[in-house]
Ligand SMILES: Nc1ncnc2c1ncn2[C@@H]1O[C@H](COP(=O)(O)OP(=O)(O)O)[C@@H](O)[C@H]1O
Ligand SMILES: Cc1cn([C@H]2C[C@H](O)[C@@H](COP(=O)(O)O)O2)c(=O)[nH]c1=O
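The structure is reproduced here in structure tokens:
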């Protein structure tokens, strides 16, 4: 029986790696798959993993109709047994419904990968629809960690190193290595969009995975280091933080 499975987790927990591994394992057994992604950090029409793997994929745009895509593929005689759908948080709810219909009416497996919530801890509309419709939602086993060592459950956005809780829901970007204060290679925001070629113009946008406690208290690795290096107490009770 075909299934719609949503593999979810925070940023940087290995979703794209798993997406490429699943494609490899299924195709190695003679199954035929189609790969999709949307706004991958590495550019258009690819699925890229931080482990260095990168594979060509069809870019999902706001007007992409998965049902039409599949009908077209089949009309051209292409066999399709499964779909790999990365960055699924960026798909529209209607596109998620198309994926569910493909599972039920065409008996094609759909493996979707994405983060559930944004930097404000609110569900992406596409992820919400996936949680509502998926046969199974599977949280990835590999856990991203908060700077405090706890399991990271939330994604924080930083602007010029400062955690923010307001702004556009979608800004493509990467997690900052916690050891660097300011990475000139990080994406910058210019005029409402992301433009890596125009580095000096806008603020530096970064992401960091945090536990809920530190997300709610807005304590990033940088904030914690700053406070640890001074006499200023952390903005919370350290005894409570150990709980
Ligand atoms: N240099 C490295 N050595 C080993 N593992 C790494 C390295 N860099 C990244 N990873 C692994 O890759 C994971 C991120 O994989 P990726 O598929 O890009 O994540 P996601 O798609 O969830 O954002 C990290 O959690 C880590 O486990
Ligand atoms: C939290 C959050 C993330 N994003 C963007 C940043 C990245 O481009 C992707 C997530 O990619 P990953 O492979 O899971 O690391 O989503 C965003 O646009 N808005 C957010 O709130």
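Residue numbers (my numbering): 1 to 243.
Beta carbons: idealized from backbone N, C-alpha and C, even for Gly.
Measure the CB-CB distance between residue i and residue j and report whether it falls below 7 Å.
| i | j | result |
| --- | --- | --- |
| residue 115 | residue 70 | no |
| residue 175 | residue 205 | no |
| residue 81 | residue 32 | yes |
| residue 86 | residue 3 | no |
| residue 111 | residue 84 | yes |
| residue 144 | residue 13 | yes |
| residue 91 | residue 126 | yes |
| residue 113 | residue 19 | yes |
| residue 159 | residue 203 | yes |
| residue 124 | residue 157 | no |
| residue 147 | residue 100 | no |
| residue 6 | residue 121 | no |
Quick one: is residue i buried, meaning 16 or more other Cβ sit within 10 Å of its Cβ, or exposed?
| i | result |
| --- | --- |
| residue 98 | buried |
| residue 76 | exposed |
| residue 134 | buried |
| residue 228 | exposed |
| residue 89 | buried |
| residue 9 | buried |
| residue 60 | buried |
| residue 208 | buried |
| residue 78 | exposed |
| residue 95 | buried |
| residue 214 | buried |
| residue 219 | buried |
| residue 16 | buried |
| residue 216 | exposed |
| residue 30 | exposed |
| residue 1 | exposed |
| residue 23 | buried |
| residue 280 | A question about residue 280 goes unanswered here, because the residues of the chain that appear run from 1 up to 243. |
| residue 57 | buried |
| residue 129 | buried |
| residue 40 | buried |
Could you check if residue i belongs to the surroundings of ligand 4, using beta carbon to heavy atom distance under 6 Å?
| i | result |
| --- | --- |
| residue 130 | Ligands present in the displayed structure are limited to ligand 1 and ligand 2, and ligand 4 is not among them. |
Hey, is the stretch 51-63 in contact with the stretch 151-164, meaning 3+ C-beta pairs nearer than 8 Å?
no
Would the stretch 160-168 count as touching the stretch 18-36 if we require 3 or more Cβ pairs under 8 Å?
no
Inside the stretch 44-117 only - beta strand (DSSP E) runs reaching at least 3 residues:
46-48, 54-56, 82-85, 109-115
Going along the chain, which unbroken runs of the beta strand (DSSP E) with 3 or more residues stay wholly within the stretch 5-38?
33-37
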